[in-house]
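Q:
Numbering (our numbering), first residue to last: 1 to 275.
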């Protein structure tokens with residue numbers, strides 16, 4: 001829960017191109033959220049003075065509310081044939097740089113970006129510098145995006161049919177694993193400098209991810225890193241995960257990443273047509 005991890009009900013800000021929107025604690029649609037943490041009881045966490053049964057009840061209620069928002073997001077995105085990807089990683093994995101390079105490489109492909117950070121509009125400014133539309137969501141003390149925040153950000157974007165929506169989540173490999181945003185897939189990005197055991201330390205995220213991108217592979221020759229062990233550990237926690245090796249700086253592996261995007265965008269178009 002938020003009382004365990006230090007994430008409190010603060011103020012969420014959505015910064016669009018035209019105006020800002022604030023979520024305060026007293027707002028009717030305020031975001032309350034929970035997190036998965038490992039403790040000794042069945043709830044996976046402990047709060048002094050609160051039973052495990054009550055913790056499970058609270059967690060179930062919070063995730064159920066989030067799932068309703070995510071379901072609405074997914075329906076809206078599917079109706080327009082929009083491919084939505086939830087980009088998750090630790091801070092410093094290079095996902096914003098990868099996103100900028102991806103936007104440039106996609107050329108005239110319609111797309112938009114929702115940027116999640118606790119503070120600043122730095123990443124959204126970087127995205128807008130590529131010419132893409134971006135909405136910055138500042139979560140304050142919150143450590144992840146949720147379905148309600150994303151739905152609210154989508155209202156600022158006027159998504160085009162057949163476009164790609166990139167959702168860059170707050171840098172965190174724990175809490176975002178539990179929160180469905182209405183995306184088609186989670187894409188987990190790891191820097192080769194993070195250590196081959198990262199998937200074993202944060203199994204929930206890599207179990208939830210459809211694709212893992214090993215980023216910054218241009219640094220691999222300069223690091224004591226075993227890329228084969230990275231892949232082995234990823235498949236230990238998720239045998240079905242797809243894996244790409246990529247360097248956003250040199251462009252190595254970008255072709256495979258772009259092909260993956262186009263394949264899944266085509267699948268989304270088929271899904272829309274079948275409705």
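Idealized CB from N, CA, C, for every residue including glycine.
#1: Out of 117, 201, 152, 128, state which residue places its alpha-carbon closest to the alpha-carbon of residue 141.
#2: From this set, 218, 254, 168, which residue's C-alpha is nearest residue 88's C-alpha?
#3: Could you pull the DSSP bridge partners for residue 215 from this structure?
#4: If you check the beta carbons only, do residue 84 and residue 183 fall under 7 Å apart?
#5: With burial defined as no fewer than 16 other Cβ atoms inside 10 Å of the residue's Cβ, what is the status of residue 275: buried or exposed?
#6: First and last residue of the beta strand (DSSP E) that includes residue 168?
#7: Would you kindly check if the distance between the Cβ of residue 144 and the Cβ of residue 166 is under 7 Å?
#8: Looking at C-beta atoms only, is the number of pairs between the region 244 to 257 and the region 66 to 74 that lie closer than 8 Å three or more?
#9: Which value, in whole angstroms, describes the spacing of the CA atoms of residue 161 and residue 176?
#10: Mind listing, in chain order, the continuous alpha helix (DSSP H) runs of no fewer than 4 residues lying wholly within the region 47 to 130?
#11: Tell me the DSSP secondary structure of residue 133 in three-state form.
#12: If you reduce the DSSP assignment to three classes, tell me which class residue 38 lands in.
A: With the structure as the only source:
#1: 117
#2: 168
#3: 191
#4: yes
#5: exposed
#6: 164 to 168
#7: no
#8: no
#9: 27 Å
#10: 52 to 79, 95 to 106, 122 to 128
#11: strand
#12: Note on residue 38: pLDDT 30, under 50, position unreliable in the model; the coordinate value appears next. Residue state, collapsed to three classes: coil.
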